[in-house]
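Reviewing the structure listed below.
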Amino acid sequence: MNREASAVPLVAEGLSRIFDAAGVLLLAWLGWRMFFDFDASLQDDALAVAVIGIIAGAADGKAARNIPIALLAYVGVGLLSAAVHQWSIVSASADPAWLSLFRPAYHLVVMAAFVYGAAYLLRTPLRLSWFVILLMIATVVLSAQIAFDRASTGFVYIRGGPSLPSVPQWGGIHGTSLALTLGFALALLGFASRVSVWRAMASVVLAGGLFAVAYVNGSRGGLVAMGVVAGSLALFVVMEATGRRRQEPVVVAVLAGILVLAVWFLRGYLDYGSDLSGRTLMWQAAARLIGDYPWLGVGPGNYGQAIAASGYAADFPSHYVGLNNAHNLLLHAGVEVGVIGGLCLLLFLAWAFRACWRAWNAGDVPMISLGILLALVGFAVHSLTENFFDARAAVERTRLIVWMFLAAALALDRLPRFARASSESTPLHPTE
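Counting in my numbering, the sequence shown runs from 15 upward without gaps.
And the structure:
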């Protein structure tokens, strides 16, 4: 009896390790497809990674700890909003499929599952380090493709860029700009390293190259985001040098100042039109829709229909009518899932920032935690003028890359529980 009883946890641990290895390989394969398999649909593959990661962590009771409540609340509000808006359609059906009530919010469920499952797969310093390295390499390859495309067209700016090979699968120039911004944040890490002057110089050259590609790519919001990321890195380097890591209010105030300065210095490049290419009109329309449907919004995926039915689209320039995008993440979320849902999303993003900040303060793989934090700063700033992952099937890749960084933030938050005692070393910070 004792031998049989002791065999059960051994079998469970063995299966967990098998699923763990399979999940890591599948996550790497998914990342490869995200950057290089341009005809792929990735959401179902992301769900497969999520399921494998969840199964791998099922044998470890610690894996169920520290799940962000704001993420669960955001998904719950999205499901409720979808059910309310689908109710009349489903109930009127002769043979109602009740699960279809929640279908419009399916991507939110996949997001939560992916963040949870992938965080378990990325739970060690070594895995997080290779995650950062491989994403940076893939971004460099993507930037070379973008530069080649722009050079082949004489560096002519094409609004939206749908005719260029490197951008349609990312939803246009703004999607590729997000990938460049995230890669730019990771490329700057060598500059913050005290290990080697040559590494710092290589980092500056690499980051400068990504910035140059972002310039010819043509996304103004991406350039502002990169400017804020660079200013943020300078702030963290100063804090590290002066031993003032824990002054969070000062950091928030300085980051806000950096954002204002970035917009000010790039104001001439931003000013293609007084309405920021129609964005201010879109933001006003989105705010009106939030006022019309404040509690549960218009339902996930219904922004385009709602903006057309409301009559607010009459104020848009003719070539913007029908866009399923508020060009602002929180406004888009507020329209589709209401004020409460938008606040839950904001709280979840704030939680991700705090998780990275705490890991950096605690000295848990500081280079990696700083890189993920800077990447999320770039994403947040870029999301002021774009919507990258909320119910837009056209930018499935940008949605997935954001999910990956959110999963990495959750993995960082779990490092004290999973990896502090690990003997694995990190290639970016070998002395830890």
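All residues carry an ideal CB built from backbone N, CA and C; glycine is no exception.
Just to check my reading of the structure: F362 and P82 have Cβ atoms closer than 8 Å, yes? What is that Cβ distance to the nearest angstrom?
Here F362 really is in contact with P82; their C-beta atoms are around 6 Å apart, less than 8 Å.
Reducing DSSP to helix, strand and coil, say where A201 ends up.
Helix at A201.
How big is the Cα-Cα spacing for G287 and G232?
With a pLDDT of 48 at G287, under the threshold of 50, the modelled position of that residue is not reliable, and no figure is offered here.
Helix, strand or coil at G307 according to DSSP, with G and I counted as helix:
Here the sequence assigns Tyr to residue 307, which means Gly is not the residue at that position. Coil at Y307, not helix or strand.
Could I get the ranges of all uninterrupted alpha helix (DSSP H) runs contained in the region 111-165, with 4 residues as the minimum, in chain order?
Restricted to the region 111-165, the alpha helix (DSSP H) segments that are unbroken, complete and at least 4 residues in length are 120-135, listed in chain order.
Determine the extent of the alpha helix (DSSP H) in which V350 is found, giving its start and end residues.
Looking at the sequence shown, residue 350 is not Val but Glu. DSSP places E350 in the uninterrupted alpha helix (DSSP H) bounded by 343-376.
Put G189 into one of helix, strand or coil per three-state DSSP.
helix
Other residues of its chain near V65: CB distance less than 8 Å, five sequence neighbours each side excluded
A127, G131, listed in sequence order.
Exposure of E410, with buried meaning 16 or more beta-carbon neighbours within 10 Å:
buried
Do V349 and Y317 come within 7 Å of each other at the CB atom, strictly closer than that value?
yes
Leaving out the 5 sequence neighbours to the left and right, which residues in its chain are closer than 7 Å to C358 when beta-carbon positions are compared?
A84, A87, Y88, V91
Determine the burial state of V184: buried for a count of at least 16 other Cβ atoms within 10 Å of its Cβ, exposed for fewer.
Residue identity check: residue 184 is Trp in the sequence provided, not Val. The residue in question, W184, is buried, as its Cβ has 16 or more Cβ neighbours within 10 Å.
What did DSSP end up calling D51 once you bin it into helix, strand or coil?
coil
Cut-off 6 Å between Cβ atoms - residues of its own chain near L4, not counting five sequence neighbours on either side:
No statement about residue 4 is possible, as the shown extent of the chain runs from 15 to 446 and does not include it.
Going by DSSP in three states, S107 sits in which element: helix, strand or coil?
coil
If contacts are defined as beta-carbon pairs under 8 Å, then L194 and G235 qualify, I think. What distance do you get, rounded to the angstrom?
With 8 Å as the limit, L194 and G235 do not qualify as a contact, their Cβ atoms being about 11 Å apart.
Applying the criterion that 16 or more other CB atoms from any shown protein chain within 10 Å of the CB defines a buried residue, is A111 buried or exposed?
exposed
Can you give me the Cβ contacts of N339 inside the same chain, cut-off strictly under 6 Å, excluding the 5 residues immediately before and after it?
N401
How is I81 classed by DSSP in three states: helix, strand or coil?
coil
Output the distance between the C-alpha atoms of V124 and G189, rounded to the nearest integer angstrom.
20 Å
Excluding the 5 residues flanking G204 on each side, which residues of the same chain have their C-beta closer than 7 Å to its C-beta?
Only R213, A214, A216, S217 meet the Cβ criterion.
Cα separation between A226 and R47?
25 Å
Please confirm if the region 141-160 is in contact with the region 57-64, defined as three or more CB-CB distances below 8 Å between the two stretches.
no
Is DSSP giving V252 helix, strand or coil here?
Look at V252 here: in three-state DSSP terms it is helix.
Taking the beta carbon of A221 as the centre, do at least 16 other beta carbons fall within 10 Å, making it buried, or is it exposed?
buried
Exposed or buried, which one is V38 when buried takes at least 16 other CB atoms within 10 Å?
A residue is called buried when at least 16 other Cβ atoms come within 10 angstroms of its Cβ; V38 meets this threshold and is buried.
For L412, does the count of other Cβ atoms within 10 angstroms reach 16, so buried, or fall short, so exposed?
Contrary to the premise, residue 412 reads as Thr rather than Leu in this sequence. Answer is buried; the Cβ neighbour count reaches 16.
Indicate the three-state DSSP secondary structure (helix, strand or coil) for G315 in the structure shown.
coil
A340 by DSSP, collapsed to three states: which one?
Coil at A340, not helix or strand.
May I have the straight-line CA-CA distance separating L192 from A244, to the nearest angstrom?
15 Å
Just confirm the distance between the C-beta atoms of L156 and F198, as a whole number of angstroms; I'd bet it's less than 8 Å.
Actually they do not touch by this definition, with Cβ atoms about 12 Å apart.
How many Å lie between A42 and D427 at the Cα?
21 Å
Taking all protein chains shown into account, do 16 or more other C-beta atoms lie within 10 angstroms of the C-beta of T294, making it buried, or fewer, making it exposed?
exposed
Among F116, I187, A201, P139, whose alpha-carbon lies nearest the alpha-carbon of A470?
Nothing can be reported for residue 470, as the shown portion of the chain is limited to 15 through 446.
Buried/exposed call for F33, threshold 16 Cβ in 10 Å
buried
Option nearest A421 by Cα separation, candidates L136, S102, A228:
L136
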